[in-house]
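Residue numbers (my numbering), protein chains in the order written: chain A, 1318 to 1804; chain B, 1318 to 1804; chain C, 1318 to 1804; chain D, 1318 to 1804.
Quick notes on the structure that follows.
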C-alpha cells in the first residue's frame, strides 16, 4: 500500500531543508509556520481523503506502473472516466479545504503532460525521457509524495521572446549540459502550493524557436535542492493568518503562491525530461493546459458550492428563509454546474493517446477556461449580494475587538441576529475569505488566461466546416473565401 | 436491415389519409404541400444520414430488441455513450437541415421515457405495459417509421388543475375504458414535426392527483387515426414557403408545429401504455424531459454553428476578412459549445436504470435548459450584429423584385458587394431565416420552460450538502436551520 | 398654426406621384396599400399627437425661425431639455405606434446635423448652405411635412473607398454640377419610413478623402422627384399585412425600409447643402449619429414597455398573477430604463453649438448605441420566455383557421385560457409581432452598428486621463507610455 | 469665506476627544493613526479641491442660506444641475482619493433628506424641525465641517420589526424624551468614513408602524459626544496600512467603516429632527436613498476609471500596447459610463420639491443601484483579467521581501518587465487594492441592496400603463386584470 497518512506526509515535509521565505523571514517548518500551515493542512486532508472510504474512489486509483493503489494526483489519466473523476476530485478537494490545493494539481498535470510528450520525443528522437519519467513516477508513487508544478516564467518584456530579452534569465533556461545532468538558471513565478510540496515538476514555456532552445527544459526536483531559493508571495489579508481567532475562519485549508529562484541549480540527468528539444515545448504546454482547463471547472464549482452554503447560512443566521434568495441561489448553482459540466464534457469527448494517456478535448477545455474567467466572479458577487454588508467586505470589528474586555460585549450584542454573534461573524468571515480574502485563488490566470483560451477556441472552431454547412444548406456554389491580406 | 431510404419514407408518408389543415385548406400530401414539404425534406435527410457512412454511427444503432441496425430515433439509450451520441446527432441534424427535425426527437424521448416508466409500472402494479411497448417498438423499428411526440396540453386556465377546469377537455383525457382499448378526448398543442411523422407518441402531463386520474394517459397512434384532426400553426414568414425563389433560402429543411384535436379517438389496448396510473405521470414527464433538456443543447449548438458559418460568409461576401469579427465569432462558438457540453456532461454523469435505459443527470439537464433559454439568443443577436442591416431583418427587396424586369437590374446592381448579389442575398436570407424567419424553432419552451428548469435546479441543488461543507470548513457547531414558516 | 391634421397629412401623401414598388407591383397610394398603410397610420398618429394636449409638449415645439408652433420633428434642438424631450418623444411614439416611425426621425437628425455643418461650412468657406437650409426648413415647417432621412450607401466591396469601387455608383455621388443644381447617381439603401414621407433628406457617408469628393453631397428632395425609383424591402411576415384578421395585430403602426435608386436625379441648387466639401462629410455624419444614438434609447425603451405590457397581459390571460414573473418583468424594465437613461444623460451632458443647436455628448451617445445592440434583445427574449410557446414563435393556427367553419371552433376552444381565445391570440400575436414579426425594426444597425460605436467609445475614453489619475494616486513618476509600433 | 483648508480640517479633527477603537486600541488621533490617516488624507483632498480652481465648481457651491461659497457636501441640491454636479463630484472624488470618501457623502444625503422631510413635518404637524435643521446647517457651513451619515441599524433577527425584537436595542431608539432633548440607545453599524468626520447625521430606518415609534428618530451629533463609543470594522488587508512601503500603494485615500454604540446618549433638542413621527421615517429613508443611488453611479465610475488607468499601465509596464486589450478596455469604459449616465439621467429627470430641494427620479435611481450591484464587479474582473497573475490577487512578495538584503535583488530582478520592477509592483498593487484590497468600498449594500432596489423598480414601473399601451395598440377591449389572490 503506497498511500501515506496525513501524519507521514507532514513528517516528510518537516524534514525538508528550509529554503522558503516570507516577510523577510526564513520559514523553518511549513507545517507550523502560520503562513503555510493552512495550505499544508489542506493538502494533508487529501491524504486523509485517499484513505477515507467516502472519498477513496475520487482521491486514489490504481497505478498503471505497479497495479498498486496510489494517489490520483500521481496517476496517469487513462480514460474519460479518469478525467471525469479528476474533475470531481477537484470539486471535492475544494469542499474539504475551501481553496486551491495547488501543491498537487499542477504537478499532476505536469507529469501527465510529460508522459505524453516524452513518449513522442522518445519515439521520434530516440531519447529515453519516457523511461526516466516512469522511473521517477514509480518512486513518487511508492513514496506518495506531493509534487507541485511550475510553468510560468517571469517573461520580462512581453514584446520579446526569451532569447531576445535584455536579461536572458527572464525565462528559466539551461546554462550548461553536463554528462550527468544539467545546470539551470532563472525563475518560475506565482507557483501555487509549493509550500505544501516535497518536489517540484518543471515545465517549459511555449512558442519557442530554435534560438530559444535553451529554454526548452523540463525536469523534477526536490523542493530543497541546492541553489533553489523560494520567496512566498503575499495574498489578500495574509497577515491575519498569524492572528488568533476566527478572522481567518478556515484552519484546514489555505493557499500559497511562490517565486522560485534558480541560481545555477544542478539537476541530475535521470530527473530531466526535456533538454533543448524546442519543437516539443509547445506540445508539453498544450498537454498540460488542456486537462488543467477542463478540471479547473470542478475547482471553481467546489468553491461556488461553499459560497452557496455560506450564503444560505448567513440568510438563516439573519432569521430569514433561503426562499427569499432563491433566484440568486439558483443562479449560483447554475454557474457552478456550468464550469463543472463543461470540464466533464471536455473529459468525455477526449481521446486516447498511444502512450496510454487520455487527451482532453481542446475546444471544450478552452471554452471552460473562458467561463472560469467570468462565472465564478458572478457567483462571488451574488454571495456578497446575499450576505449583506458584513459579508460584502467583511465589515465587522476584528476578533481582538470581538473579545475586547472593554467593549467586546457591545460588538457581540449588536452582531447577534437569529444565530449567535460568533456563528454569524464566522459565516460572514467565510464569505469574505472566499470572495475577497486569503482564500481567493488565482483562477483567472492559473492554467493560462481567458484571452489565450479565446485564441484557442478560434483555432479549434473549425469555421470552414461551419461555412460548408451553411453553403450546403442554401445550395451556394460561389466560392466566397477569406480575402487575401492587403499588401 | 430495417433502415428505410428517404424515398421509402416519403412514399409511406404520402399514403397516409390526409387530416392536416393550414390556412383553411386540407393538406393532401405533406411531401408536396409547400408548408410541409420542407420539414419532410429535412426528415428525409435523417433517413439518408442513417445510410451514409459519414453519419451512420450517429444516426443509427443496434436494436436492443432484435440486434438489427435501426434508426437511433427508435432506439433505447442504454449508456452514457448512447446519450452523448444523441447530443451529437441532434447537432448534426441541425447542420443538415438548418432547423428542428422535431418529427422524430420528441417521439424518441417519449418511447425512452415510457420504456422506463412502463417497466416500473409493470414491476409495481403487475401490468403489461412494458411488453406492449416492446411489441410496438419492434414494429416501429422493423418499419423504420417516423414517430413524433406530443406532451403539451392546452391547459386552459393555469390557476386550476385538469379536473377543475371549466372545460374538462383542456387536457387530453380518457372518456371511456373499453375491453379492447380506450377513448380519448382533448387536444395536444404546439406539437413539432407531426407533418413529417407517421405515428404520434402521446405522453401525459405532470402534477396529477387522484382526481386527475383520467388525464394520466399514454399511447401511440397512427397519424391518420379516425377522430384526430390536425391544424398546423403558422410561424414567422411562413407564406414565403409558397413563393418562388430564395426568400426562403433553405429547401432541405423546415419546421412545423401542429394542434392536434382528439374528438373521441379510440386507441386499441395494445397501443396504450398508461391508463389512469396518475402516480406515474410525473415520472413519465421527468424521464421525458431530462434527456430532452440535455440533447437540446446539441440542437441549438448546431443551429449556432450555421449562424457562425453564415456570419463568416456575409463578412467575406462584403469583401472583408473574418478577422475583423473574431471576438464576436469566438463568442458565438463559446455559446454553441457551452450548451452542447452541458448536455454531454448530463449524459456522461447519468446512470443506468434497471430497465436497461440510461438516465440523464437531472441537475445538468436542467441547467442546460436554462442556458438554452439564453445563450442561443445571444448567438442570434451576434449573427445579426455581424451581418449588418440586410441580415438583421432581411432588409432587402423580395425575390420577385430581385428578378423584376423593370428594376430588378437595379436591385441586383446595388446588392452586389464582393460576391455576386445573389449569393449575398441568399446568405443574408439564411441569417434572417435562422434568427427571425421560418427556420426559428421553439427552443425556449420546447421540453419545458427555463423557469420550470430553474425550479428543478433548486430541487436538485443539494443545498443542505453545501451548507454542511461550509459548516465543516469553519467548524461551526450551532444548528442554523431554515426558520419555520410563519403562521 | 403650422401643424397639420392626420387627414391633411394623408391627403398630401396621396397626391404624390407613385414611384414605389413592392413584390413587383407599383404602390399607387401609400395610404391605402396594405404594405405601407400601417406605417402611414403610425406617422399620422404623430400629427394627432402634436395636436393632442396630452402629447403636445412632446411632439411639438416653437420654431427657432418663426416662433410658430411646429412639429418637433422639424425643429432644431437648442438645449439639453430639447434633446431630453426628443428621447421622451421617441419613447412615446413607440407607445402609440408599436414600432419605428422612421419616416420622421432620420430626417429630423439630418436637418439638425446639416444645421450645424452648414453653419460651419458657411463660416469657414463663405458658402451659403446654411441660408438655403433655413429657407427650406421654413417651408417644411410651414407645410408640416414628413421628411425621411437617408444616409446608408450600398457601399459595394467594403475593402475599398467609394472612388476605388469597381462600380462607382456604389455610393451616391455627384455626376454633374450645373449652374442651377446638381445631378446625382447611385442609391441609398435600407431607408426607413420613406413610404410615409413627403420628402427625403440626404446625408453623405464618412471617411472621405479628396479623391472621394464627388461623394460628399447632401440635399433634400420631394419623394416623387424625377429619376428616383424606390423599391420597398420585405420584412418578416410582411405578407400578413395583406391578410384579413389579427395575425398582424397592430393596425395603427408599421415599419417600412426602402431601397432608393437615383438614376441621374437633378436637384436644384437651393436644395443642396453640401457639394464636394469632403472635409465636412465626417462632421455631418457625426452630428447625425450622436443625437440619433442618444434618442434611440428612448425608441427601444418604448418598444420594451410594450413588451412588458404584453407580457403582463399574457400571464393574466393564462389565469395567473404577474407576481409569478416579477423577477423577469423587473429585468425588462431595467433594460428599458437603461437605454432611455443613457440617452437622457447624453442629452443632459451635451453642449451648445455656435449655430444654436445642441450637441449631444459623444461618449454617452455611443455607449447607448452599444446597449441598444444588446439590452432590447434580452428584453425580447424575456418577453418570449414569459409568454410561453404561443408567444415565442406565434405558434398558433392562422386567423383563417381560427374562423374556419369546419374546425375553427376547435381552434378557439383550445386557445381559450382565462381570457377569451381571441384576446389571448391577439396578445400572443403582439408578442410575436414585436419580437419576431413585422414590427421588428432595424435598431441594431440603424444609426450605425454597435461595433462602430465601440470604436468611438475608445476614441472618447480619454484613457491617458485615466492613466494620469492612476499614476497620481500611487505617486508613480516613471514614464510608462505606449510602446512604439514594431517595424 | 466659509471654506476651510485641509490643514484647518485636520487640526479640527485632531482636537476631538478620542472615542474610536480598532484592534483593541484607542485611536488617539485619526489624522495620524495608520488605520485612519488614509481616509483622513482622502477627505482632506476634498477640502483642497473646493479651493482648487480646477475642481472648485464641482466641490463647492453657493449656500441657499447665506449666499456664501460653501462645500457642496453641506449644500442643499436645488436643481437638476446640482444633482448632476453631485454625480460628477463623486466621480472626481474617486479619481483623487481612489476610494470612497464616505465621511461626507452620507451626511450630505442625510441633511438633504431631512431638509425635505422636516419641511413636510413642520407643514403638516406644526413642528419646528426644519428651522432647527437650518440653524444647524448654517453652523455646519460656517465651520465647513465633515459630517458623516448613519442609517443602518444592527436589525437583529430580520424576521421581526424593531419593537418585537428580543433585544429592543437592535435598532437605535429613543429611551427618554426630556424637555431639552432626547436620550437614545442602540447602535448604527457599518458607518462609512466616521473616522474622518467631525459630526454624525443620524437617519431612522423605514417600515415603522406606530408600535415602532420610538425608532423614528433623526438627529446630528458631534462625533465625540458623551456616551458614544465607536469601534472600527476591519477590511481586507487592513493590517498593511500599518506597514512600511507600497503594499498599500495609495497614501492619499482610504476607507473606514465603523460600528457606533449609543449607550444612553443625550442629544439636545435643537439637534433633533425627528422624534417618534414614525409616519415620516419611510419618507426620510426614501429621500436619503434616491440621490444616493443616483450619485453612487458616479462613485463606481470614478473607481472604474482608475481601474482602466491601472490596466493600461500594467499592459505598458509589461512592454505591450493597450491595443491588445482594446475590447476589454472598451467594456470597462462602457460599464463606467453606464452607471454614471443612469445617475445623471435620474438627476435630470427629477423634480423640484416645495422646500426648494431637488428630488431625484426614483425609477432611474433604483435602476442605477442595481447596475452598481453588477457592472463594477465586471469591471474589476476585467481589470484582473488584463493585469495578469500579479494583479489578480497581488501575487508578489511583500515590500519587506522586495527590499530584503539577502534576496530582494532577486525579487526585483524577476519582477522587472518593460518598466522598473518598482513601478510594475506598485501598479499591480493598485489593481489588487482596488479589486481585492483595502480600497474596496461597500458599494453593493451602501445605500441599500440591489434586491431592495428591484422591489422599488417594480413599484415604480407603472406596469398598468404599459398594459394600457399594449391594449390600445391591438384594440383589445376585454378586461384582463390581475386575478384575485387565492384564499
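Glycine included, each C-beta is placed from N, C-alpha and C at the ideal position.
Cα-Cα separation between residue i and residue j, rounded to whole angstroms
i: residue 1450(B); j: residue 1585(B); result: 13 Å
i: residue 1733(C); j: residue 1593(B); result: 26 Å
i: residue 1759(C); j: residue 1377(C); result: 26 Å
i: residue 1392(A); j: residue 1598(A); result: 22 Å
i: residue 1751(C); j: residue 1622(C); result: 11 Å
i: residue 1386(A); j: residue 1322(A); result: 14 Å
i: residue 1521(D); j: residue 1388(D); result: 25 Å
i: residue 1348(B); j: residue 1327(B); result: 6 Å
i: residue 1608(D); j: residue 1680(D); result: 11 Å
i: residue 1404(D); j: residue 1657(D); result: 7 Å
i: residue 1782(A); j: residue 1397(B); result: 27 Å
Neighbour flag for residue i against chain D, beta carbons, 8 Å
i: residue 1621(A); result: no
i: residue 1351(A); result: no
i: residue 1539(A); result: no
Partners in chain C for residue i, counting only beta-carbon separations shorter than 7 Å
i: residue 1661(D); result: 1662, 1665 and 1666
Interface flag, residue i vs chain B, CB-CB below 8 Å
i: residue 1590(C); result: no
i: residue 1607(A); result: no
i: residue 1766(C); result: yes
Where residue i meets chain A, residues with beta-carbon distance less than 9 Å
i: residue 1734(D); result: 1471, 1472, 1473, 1474, 1475 and 1487
i: residue 1338(D); result: 1714, 1718, 1721, 1723 and 1724
Closer than 8 Å to chain A by CB, residue i
i: residue 1712(D); result: yes
i: residue 1703(B); result: no
7 Å Cβ cut-off: residues of chain D touching residue i
i: residue 1655(A); result: Those within 7 Å of residue 1655(A) in chain D number zero; the least Cβ separation is about 16 Å.
Within chain D, the residues that residue i reaches when beta carbons sit closer than 8 Å
i: residue 1691(A); result: 1698
Buried versus exposed call for residue i [16 or more other C-beta atoms within 10 Å across all chains shown]
i: residue 1640(A); result: exposed
Chain-ordered chain C contacts of residue i [CB-CB under 9 Å]
i: residue 1747(D); result: 1787, 1790, 1791 and 1793
Which residues, in chain order, does the region 1412-1430 of chain B contribute to contact with chain A at a C-beta distance below 9 Å? Residues of the region 1412-1430 of chain B with a C-beta less than 9 Å from any C-beta of chain A: 1412, 1413, 1414 and 1415, listed in chain order.
The region 1494-1515 of chain A: which residues have C-beta closer than 7 Å to a C-beta of chain D, in chain order? So the close ones are 1504, 1506 and 1507.
Members of the region 1667-1686 of chain A that neighbour chain B once the beta carbon cut-off is set at 7 Å: The residues in question are 1680, 1681 and 1684.
Residues within the region 1759-1790 of chain D neighbouring chain C, beta-carbon criterion of under 9 Å: Listed in sequence order: 1771, 1772, 1774, 1775, 1777, 1778, 1779, 1780, 1781, 1782, 1783, 1784, 1785, 1786, 1787, 1788, 1789 and 1790.
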